[in-house]
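Numbering (our numbering), first residue to last: 32 to 386. Read the structure below first, then the notes.
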Amino acid sequence: MAKEDKLPHSFVRQHLKEDCYLYPHTPEKLAYFCLHLLHGYKVYKKTHTDEAGSLSYEDFARNVIGRHNLNFLSETEARRKTYFKDDNYLAKLIVNLVNSHANKSDVDHAFTFVNPFDDMRIDKLKEIINGYYQFIKDDQDTFLKQYSFRIIKVFISGLRLLSIANYNDSFIVWRSLLETVANFKIFLKSNVKAQNLYLTRKNDMKIIIGIKEASSEEKNTINEQTQNRNNRKNATWWEKQRFQWVNHLFGKKEELSMKNIFIKAGLINYYAHYQIASLFTHEYFLNENDFKTISLLDYLITLYWKTFELIRNDLIKLFNKSRDDLKKIASFESEMRKLISCTQEIFNEFSLGLN
Numbered sequence: 032m033a034k035e036d037k038l039p040h041s042f043v044r045q046h047l048k049e050d051c052y053l054y055p056h057t058p059e060k061l062a063y064f065c066l067h068l069l070h071g072y073k074v075y076k077k078t079h080t081d082e083a084g085s086l087s088y089e090d091f092a093r094n095v096i097g098r099h100n101l102n103f104l105s106e107t108e109a110r111r112k113t114y115f116k117d118d119n120y121l122a123k124l125i126v127n128l129v130n131s132h133a134n135k136s137d138v139d140h141a142f143t144f145v146n147p148f149d150d151m152r153i154d155k156l157k158e159i160i161n162g163y164y165q166f167i168k169d170d171q172d173t174f175l176k177q178y179s180f181r182i183i184k185v186f187i188s189g190l191r192l193l194s195i196a197n198y199n200d201s202f203i204v205w206r207s208l209l210e211t212v213a214n215f216k217i218f219l220k221s222n223v224k225a226q227n228l229y230l231t232r233k234n235d236m237k238i239i240i241g242i243k244e245a246s247s248e249e250k251n252t253i254n255e256q257t258q259n260r261n262n263r264k265n266a267t268w269w270e271k272q273r274f275q276w277v278n279h280l281f282g283k284k285e286e287l288s289m290k291n292i293f294i295k296a297g298l299i300n301y302y303a304h305y306q307i308a309s310l311f312t313h314e315y316f317l318n319e320n321d322f323k324t325i326s327l328l329d330y331l332i333t334l335y336w337k338t339f340e341l342i343r344n345d346l347i348k349l350f351n352k353s354r355d356d357l358k359k360i361a362s363f364e365s366e367m368r369k370l371i372s373c374t375q376e377i378f379n380e381f382s383l384g385l386n
């Protein structure tokens, strides 16, 4: 097939997922796709670079139609019946795809690897996280800013794994992400004391486990802790050691635990999801096939998005960003919220069933 020819109607019909009885695949609708896909591919060929990979005409078309299939679910009933009468509808999906590939040819982009068949939601999450990465990476003059950069880098790691369908490892990274966000929330809620205690504890733990040499003064303060480690204290003891920096926020009868840190951080609603992630991390009692109510992909995308929403306003305030600064990112965020709404009810149902 010549690349400059329109695709046959049968190609579009084969890849459209909308119910052909409720939403007939009329010649007008199929012609709409064929025309826009041809024009869109011509634009793509002019703008794409080898660094971002190269899509064949057919793969480009499959990608665009796939984005439509996902977007279709978030449209109103009236819109589902008439979208193909609006030239801007498909043109916008195509522009987003072309721009996404062009953006990732930039060596400074956080996601230079392009999966041509990325779920559209993952692709939008990448653009959102990259947007925050760009204005955070060069503004690192405080502990909180440095810690927020750590959060963004964990997001990047998790989304890279999600992009290549490595769902299990992406879930493990999300677990670490939630812990990091919980700490960040504690730092924001507490005064600078929590930050200083955290940094002190961080230094002490390096010495206790033997990867940093202690000064004579430091040795006097941590000898007992080192001895406890040598005596192989149990896991509960070690967990308490991890959380000593936040001890001042707990009452005498409150247990130092990750669950209670989630409570202090206002993240207790995520603890059940954290426990599920732990089953992947430690026991591997679960796998992708165990997810019936919601697919593991939908579940993870929702978790990553909701976790980002937890810190979005904090980042904007911390880095003093205006609405104009965030204008480009905001368009991706708006589209992402719309797409997430398609699976929100299923996610809520699944969450309610967790113990």
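Glycine residues also receive a C-beta, built at the ideal position from the N, C-alpha and C atoms.
- On the three-state DSSP scale, how would you describe residue 58? Stepping through the sequence shown from its first residue, residue 58 is reached at position 27. Residue 58: helix per DSSP, three-state reduction.
Task: First through last residue of the alpha helix (DSSP H) which encompasses residue 309 - done: Here residue 309 refers to the residue found at position 278 of the sequence shown. Counting along the chain, the alpha helix (DSSP H) containing residue 309 begins and ends at 302-309.
key: Inside the stretch 97-146 only - alpha helix (DSSP H) runs reaching at least 4 residues   = 108-113 and 118-134
Restricting to Cα atoms, I'd like to know which of 48, 183, 224 and 351 is closest to residue 111. What you label residue 111 is simply residue 80 of the sequence shown in a count that begins at 1. It is 48 whose Cα lies nearest to the Cα of residue 111.
Task: Residues of its chain near residue 310, where Cβ-Cβ distance is below 8 Å and the 5 sequence neighbours each way are ignored - done: Here residue 310 refers to the residue found at position 279 when the sequence shown is read from its first residue. So the qualifying residues of the chain are 316 and 317.
When the Cα atoms are used, what is the spatial distance from residue 326 to residue 182?
-> Position 295 of the sequence shown holds residue 326. Position 151 of the sequence shown holds residue 182. About 25 Å.
**Report entry** residue 299, enclosing alpha helix (DSSP H) - first and last residue
**Finding:** What you label residue 299 is simply residue 268 of the sequence shown in a count that begins at 1. From DSSP, residue 299 is part of no alpha helix (DSSP H); its letter is neither H nor E.
Residue 190 Cβ short of 7 Å to the ligand FAD heavy atom set | Although the ligand FAD was asked about, the structure shown includes no ligands whatsoever.
Q) Where does residue 329 fall in DSSP's three states? A) As a working mapping, residue 329 is identified with position 298 in the sequence shown. Correct three-state label for residue 329: helix.
Take residue 356 as the anchor and find which of 179, 241 and 167 has the nearest alpha-carbon. Your numbering for residue 356 matches position 325 in the sequence shown. Closest by alpha carbon: 167.
Whose C-beta lies closer than 6 Å to the C-beta of residue 332 among residues of the same chain, with five residues either side of it excluded?
Locating residue 332 in the sequence shown gives position 301, where the first residue counts as 1. Here the set comprises 152.
Counting pairs of Cβ atoms below 8 Å between the stretch 213-229 and the stretch 185-200, do you hit three or more? no
key: Collapsed DSSP secondary structure at residue 79 in the structure displayed   = Within the sequence shown, numbered from 1, the residue matching residue 79 stands at position 48. DSSP places residue 79 in coil when its eight states are reduced to three.
Nearest-angstrom Cα separation, counted from residue 237 out to residue 279: Translated into positions along the sequence shown, residue 279 becomes position 248. Translated into positions along the sequence shown, residue 237 becomes position 206. Approximately 22 Å between the Cα atoms of the pair.
| said: Once the 5 residues before and after residue 202 are set aside, which same chain residues still bring their CB inside 7 Å of it? | reply: Locating residue 202 in the sequence shown gives position 171, where the first residue counts as 1. Excluding positions up to five away in sequence, the list reads 308, 311 and 331.
Going straight from the alpha carbon of residue 75 to that of residue 53, what length do you get? Counting from one through the sequence shown, the residue named residue 75 turns up at place 44. Counting from one through the sequence shown, the residue named residue 53 turns up at place 22. Roughly 32 Å separates the two Cα atoms.
*Near residue 232, what residues of its chain come up, given a Cβ to Cβ distance below 7 Å and the 5 sequence neighbours on each side ignored?*
What you label residue 232 is simply residue 201 of the sequence shown in a count that begins at 1. So the qualifying residues of the chain are 275 and 276.
Discussion item. DSSP three-state label for residue 47, please.
Written reply: Indexing the sequence shown from 1 puts residue 47 at position 16. Looking at residue 47 - three-state DSSP - the assignment turns out to be coil, as it is neither helix nor strand.
Discussion item. Looking only at its chain, what residues have a beta carbon closer than 8 Å to the beta carbon of residue 93, apart from the 5 residues adjacent to it on each side?
Written reply: Taking the first residue of the sequence shown as position 1, residue 93 is located at position 62. The answer, listed in chain order, is 46 and 148.
From this set, 380, 273 and 301, which residue's C-alpha is nearest residue 324's C-alpha?
Along the sequence shown, one-based indexing puts residue 324 at 293. Residue 324 has its Cα closest to that of 380, out of 380, 273 and 301.
Open item on the list: Between 38, 156, 51 and 131, which has its C-alpha nearest residue 100's C-alpha?
Closed with: As a working mapping, residue 100 is identified with position 69 in the sequence shown. The shortest C-alpha separation from residue 100 is found at 51.
**Prompt:** Should residue 241 be labelled buried (16 or more other beta-carbon atoms within 10 Å of its own) or exposed?
**Reply:** For the purposes of this step, residue 241 is taken as residue 210 along the sequence shown, with counting starting at 1. Exposed, by the Cβ-count rule.
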